[in-house]
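Here the protein sequences line up with chains H and F, keeping their order.
Just so you know, numbering that gives the first Met the number 0 puts the end of the first sequence at 376, numbered straight through with nothing missing.
Just so you know, numbering that gives the first Met the number 0 puts the end of the second sequence at 292, numbered straight through with nothing missing.
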Amino acid sequence: MATISLEEVRKIYAGGVEAVKSVSMDIADGEFIVLVGPSGCGKSTLLRMIAGLEEISSGTISIGDRVVNRIDPADRDIAMVFQNYALYPHMSVYNNLAYGLRNRGVPKDEIDRRVKEAARILEIGAFLERKPKALSGGQRQRVAMGRAIVREPAAFLFDEPLSNLDAKLRVQMRVEIKRLQKSLGTTSVYVTHDQLEAMTLADRLVVLNGGAIEQIGDPISVYEQPASTFVASFIGSPAMNLIPVSVRDGRATLDSETAAGGSSLSGPDLGNGTGYTLGVRPEHFVPASERPAGPGDLSLTVTTTVLEPVGAESYLYASIGGDSGATGATVTNSSAAHVVIRVPAAARHQPGEVLSFTATADRLHAFDKTTGKRIPR
Amino acid sequence: MKRAQFSSPLLPYFLLAPQLAIIFIFFYWPSAQAIQSSFYIEDPFGFGATFVGLENYTTVLGSSEYLRIAQFTLVFTLIVTFLSLSIALVLAVKADAVLTGASTYRSLLMWVYAIAPPVAGLMGIMFFDQHIGPLVDLAALFGWDMRVGVNYYDTAFAMVVIAVWKQIPYNFIFFLSGLQAIPKHLREAAAIDCRSELRRFWTVTLPMLAPTAFFLLIINMTYALFDTFGIIDVVTRNEPANNPLTLVYKVYLDGFRSNDLGGSSAQSVILMIVVLVLTMAQFRFIERRVHYG
Ligand SMILES: Nc1ncnc2c1ncn2[C@@H]1O[C@H](COP(=O)(O)OP(=O)(O)O)[C@@H](O)[C@H]1O
Ligand SMILES: [Mg+2]
Numbered sequence: 000m001a002t003i004s005l006e007e008v009r010k011i012y013a014g015g016v017e018a019v020k021s022v023s024m025d026i027a028d029g030e031f032i033v034l035v036g037p038s039g040c041g042k043s044t045l046l047r048m049i050a051g052l053e054e055i056s057s058g059t060i061s062i063g064d065r066v067v068n069r070i071d072p073a074d075r076d077i078a079m080v081f082q083n084y085a086l087y088p089h090m091s092v093y094n095n096l097a098y099g100l101r102n103r104g105v106p107k108d109e110i111d112r113r114v115k116e117a118a119r120i121l122e123i124g125a126f127l128e129r130k131p132k133a134l135s136g137g138q139r140q141r142v143a144m145g146r147a148i149v150r151e152p153a154a155f156l157f158d159e160p161l162s163n164l165d166a167k168l169r170v171q172m173r174v175e176i177k178r179l180q181k182s183l184g185t186t187s188v189y190v191t192h193d194q195l196e197a198m199t200l201a202d203r204l205v206v207l208n209g210g211a212i213e214q215i216g217d218p219i220s221v222y223e224q225p226a227s228t229f230v231a232s233f234i235g236s237p238a239m240n241l242i243p244v245s246v247r248d249g250r251a252t253l254d255s256e257t258a259a260g261g262s263s264l265s266g267p268d269l270g271n272g273t274g275y276t277l278g279v280r281p282e283h284f285v286p287a288s289e290r291p292a293g294p295g296d297l298s299l300t301v302t303t304t305v306l307e308p309v310g311a312e313s314y315l316y317a318s319i320g321g322d323s324g325a326t327g328a329t330v331t332n333s334s335a336a337h338v339v340i341r342v343p344a345a346a347r348h349q350p351g352e353v354l355s356f357t358a359t360a361d362r363l364h365a366f367d368k369t370t371g372k373r374i375p376r
Numbered sequence: 000m001k002r003a004q005f006s007s008p009l010l011p012y013f014l015l016a017p018q019l020a021i022i023f024i025f026f027y028w029p030s031a032q033a034i035q036s037s038f039y040i041e042d043p044f045g046f047g048a049t050f051v052g053l054e055n056y057t058t059v060l061g062s063s064e065y066l067r068i069a070q071f072t073l074v075f076t077l078i079v080t081f082l083s084l085s086i087a088l089v090l091a092v093k094a095d096a097v098l099t100g101a102s103t104y105r106s107l108l109m110w111v112y113a114i115a116p117p118v119a120g121l122m123g124i125m126f127f128d129q130h131i132g133p134l135v136d137l138a139a140l141f142g143w144d145m146r147v148g149v150n151y152y153d154t155a156f157a158m159v160v161i162a163v164w165k166q167i168p169y170n171f172i173f174f175l176s177g178l179q180a181i182p183k184h185l186r187e188a189a190a191i192d193c194r195s196e197l198r199r200f201w202t203v204t205l206p207m208l209a210p211t212a213f214f215l216l217i218i219n220m221t222y223a224l225f226d227t228f229g230i231i232d233v234v235t236r237n238e239p240a241n242n243p244l245t246l247v248y249k250v251y252l253d254g255f256r257s258n259d260l261g262g263s264s265a266q267s268v269i270l271m272i273v274v275l276v277l278t279m280a281q282f283r284f285i286e287r288r289v290h291y292g
């Protein structure tokens, strides 16, 4: 077990792509860190630099109190679980698990003990003599986990280990990985593009965007206080509604609406007098009939387009503005003014229905229109 | 697998006919001819043939010259196969380390294989030429008076070198594509599990390469046994004298130079049996230990 620390780590590939741009962070002993971000944002590159599979262009990576920049992957005391498992096809499951230990000169009976123990924990004892090709995807995944566990390394590195599994298995393995990591207490760095996986697994989330850290924090605070529109739209599903607004006479209105306190959207001035990007999560809208808007609140009139039931709740897709012909509201750029609103499963809204919602002041987020950064309140 | 439907039941046979005809005319028919004539002694002047039963076989197998040639063929085949496989493998491993999918480079190397064996033999013999051959000069530096075509061992040495030289590119291409087909993640997992590169090679890379190696083993043995005919012909300058020969060359000599069609046919049949046994043995004993991923 060990801490991992990255200092201004950069990676520039031979082709000139700067995949990782000066990343610094400290990972505590036993912590479960999840690197999350869209495909191509440099997550794997960063992880692979920690593993030693990719050279570090500049900066320092330390595992424990040892700088590992020039140390072979085999000597870094890490174990990695790959997306496609990377099991040795010509070896039995037992040998797959034992291979890394044999090469390190671990005594035979100790290897046997560790392999049997991992097999018991992961419930793969029944197929220790099988070759990987005779296993299902879920079983291979377990073997890959087992290969990491038997090593008893200072850190586990996971690169999208669940993305080849079907949805049900993915949830099951997710829970299992978390339980295992907590019981072993091994420092872990886990890469995924799946925000739900990231939220559920992480002690701390690291949101990456274009090779740079966008935000670090525990899942709930990242969810509640996204540092930028990028994080806001990446974490949470459906994504946070982001509506560009202008400020006129101390009130926020849609950019397209001219009247102060506009007819379809009216919100507080969170931009210190200038326009900003207003953010509201789908679950933070309340029907105006239940809670009339106070002075700092947002009030919104929408026209329903689609109602999407997901079981426990439904999501209402709507465009901002009342029925344009009838109310005279001028919604010119309708494509930019769509919102998603969570409604109770029992709701039975019809397309074309005009509805009003409010969101309380403490549920509103404001972001700079040009930089996308969060505007502090 | 898609099941094809044919309107007439005869159509598939009709479509297969050209292929079957080729196999029959060029493979089975000559084989059958050889088997038949191996039981006859043919009059050298073409005045009919006499049935002699197994006499051709007993003569061949009882001949000390034949057994000596068989022995040389065995040694030659093993050495050529071993050297051309292992040298090609080493080269492929080195190339693989620096190559990331440059297929043009790979196909350029393949061109060497387009050189016909007699041409390779001719080019090779120039290296070993008594007057202008650089290899002869090189050997002379070490006090080795190399006399290809005169000294039995020097001739054998030249045959092996040229045969190996000719076969390396072919093996190299296959080994290289085999190496490049090994998934990157597998090598990386191995890099984490094992520090020693050499050990990784033996425990992960080579087993993954086994299907390719097995295929090449059969191809190379067949090559050394049969396809080196042209090389031997050129190296011995068509004057076998007491130079080393392989069994195939002996078949040709007895059949076409000495007009002993019966004895030559018996030798052909023996060779066919050898190849059959060899291939079956390889499939039986080696393939079982090969992992096909
Ligand atoms: N070996 C490589 N050579 C050049 N560019 C690469 C290489 N590997 C990845 N990249 C580039 O680096 C960026 C980050 O890649 P990666 O770390 O794999 O992203 P992620 O895992 O977040 O999807 C991408 O733009 C990708 O195209
Ligand atoms: Mg990746």
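We treat Cβ as the ideally placed atom computed from N, Cα and C, and that holds for glycine.
Look at residue 236 of chain H and residue 213 of chain H and say whether their C-beta atoms are less than 8 Å apart.
Contact flag unset, no.
I need the DSSP call for residue 355 of chain H, collapsed to helix, strand or coil.
strand
Going by CA-CA distance only, name the one from H:242, H:6, H:110 that's closest to residue 61 of chain H.
It is H:6 whose Cα lies nearest to the Cα of residue 61 of chain H.
Starting from residue 126 of chain H, find everything on chain F with Cβ-Cβ shorter than 9 Å and list it in chain order.
Correct list: empty, because the minimum Cβ distance to chain F is about 17 Å.
Go ahead and label residue 21 of chain F buried or exposed: buried means 16 or more other beta carbons lie within 10 angstroms of its beta carbon, across all protein chains shown.
exposed
Using alpha carbons as the reference points, say which of H:289, H:240, H:20, H:343 lies closest to residue 362 of chain H.
H:240
When you compare the CB positions of residue 172 of chain H and residue 161 of chain H, do they come within less than 8 Å of one another, or not?
yes
Classify residue 283 of chain H as helix, strand or coil using the three-state DSSP reduction.
helix
Check each candidate in H:365, H:222, H:193 and name the one with the smallest Cα separation from residue 38 of chain H.
Answer by Cα proximity: H:193.
So who's on the other strand from residue 303 of chain H, going by DSSP bridges?
Residue 303 of chain H is bridged to H:317.
At the level of alpha carbons, what is the spacing between residue 127 of chain H and residue 118 of chain H?
8 Å
Please confirm if residue 279 of chain F has its CB atom under 8 Å from at least one CB of chain H.
no
Could you give the first and the last residue of the continuous beta strand (DSSP E) run that contains residue 10 of chain H?
3-11
For ligand 4, is there a heavy atom less than 7 Å away from the beta-carbon of residue 158 of chain H?
As far as ligands go, the structure on display features ligand 1 and ligand 2 and does not contain ligand 4.
Rounded to the nearest angstrom, what separates residue 191 of chain H and residue 74 of chain H at their Cα positions?
25 Å
Given a threshold of 16 other Cβ atoms within 10 Å of its Cβ, counted over all protein chains shown, does residue 259 of chain F qualify as buried or as exposed?
In the assembly as shown, residue 259 of chain F is a buried residue. Its beta-carbon has 16 or more other beta-carbons within 10 Å.
For the stretch 22-55 of chain H, list every residue whose C-beta sits within 9 Å of some C-beta in chain F, in sequence order.
Listed by position along the chain: 47, 50, 51, 52.
Could you tell me which chain F residues have their CB closer than 7 Å to the CB of residue 377 of chain H, listed as they occur along the chain?
The structure shown has nothing for residue 377 of chain H, since chain H only spans 0 to 376.
Please tell me whether residue 127 of chain F and residue 223 of chain F are closer than 8 Å, where the distance is taken between their beta carbons.
no
For residue 147 of chain F, which residues of its own chain have a beta-carbon under 6 Å away from its beta-carbon, when the five flanking residues on both sides are left out?
127, 153, 154, 157
Count the other C-beta atoms from every protein chain shown that fall within 10 angstroms of the C-beta of residue 0 of chain F, then say buried if there are 16 or more, exposed otherwise.
Because the pLDDT at residue 0 of chain F is just 48, under 50, the model does not fix this residue reliably, and the value given afterwards should be weighed accordingly. Exposed, because fewer than 16 other Cβ atoms sit within 10 Å of the Cβ of residue 0 of chain F.
Can you pull the chain F neighbours of residue 74 of chain H, defined as C-beta to C-beta under 8 Å?
194
Look at the alpha carbon of residue 65 of chain F and the alpha carbon of residue 59 of chain F, and state the distance between them as a whole number of angstroms.
So the two alpha carbons sit approximately 6 Å from each other.
Which complete alpha helix (DSSP H) runs does the stretch 55-129 of chain H hold, if anything under 4 residues is left out?
Look at the stretch 55-129 of chain H and you find these whole runs of alpha helix (DSSP H), each 4 residues long or longer: 92-101, 107-121.
Can residue 206 of chain H and residue 51 of chain H be called in contact, C-beta distance under 8 Å?
no
Anyone know if the C-beta pair for residue 155 of chain H and residue 85 of chain H falls short of 8 Å?
no
Any C-beta of chain F within less than 9 Å: which residues of the stretch 193-206 of chain H qualify?
Of all residues in the stretch 193-206 of chain H, none is placed with a Cβ closer than 9 Å to any Cβ belonging to chain F.
Nearer than 7 Å: is that true of the beta carbon of residue 189 of chain H relative to any heavy atom of ligand 1?
The answer is no for residue 189 of chain H.
Hey, would you say residue 142 of chain H sits closer than 8 Å to residue 123 of chain H, going by beta carbons?
With contacts defined by Cβ atoms closer than 8 Å, residue 142 of chain H and residue 123 of chain H form a contacting pair.
Measure the alpha-carbon distance for residue 178 of chain H versus residue 199 of chain H and round it to whole angstroms.
Each residue's Cα considered, the two are about 12 Å apart.
How close, in whole Å, do the beta carbons of residue 218 of chain H and residue 195 of chain H come, if the pair is a contact with beta carbons under 8 Å?
At roughly 10 Å, the Cβ-Cβ gap does not stay under 8 Å, so residue 218 of chain H and residue 195 of chain H are not in contact.
Please list the terminal residues of the continuous beta strand (DSSP E) segment that includes residue 240 of chain H.
240-247
Residues of the stretch 199-226 of chain F with a CB closer than 9 Å to any CB of chain H: list them in chain order, please.
199, 202, 203, 206, 207, 209
Can you tell me where the beta strand (DSSP E) with residue 39 of chain F in it begins and where it stops?
39-41
Listing by chain order, which chain F residues have their CB less than 7 Å from the CB of residue 222 of chain H?
The premise fails here: residue 222 of chain H is roughly 32 Å from chain F at the closest Cβ pair, so nothing lies under 7 Å.
Is the beta carbon of residue 44 of chain H sitting closer than 8 Å to the one on residue 13 of chain H?
No, Cβ-Cβ distance for residue 44 of chain H and residue 13 of chain H is not below 8 Å.
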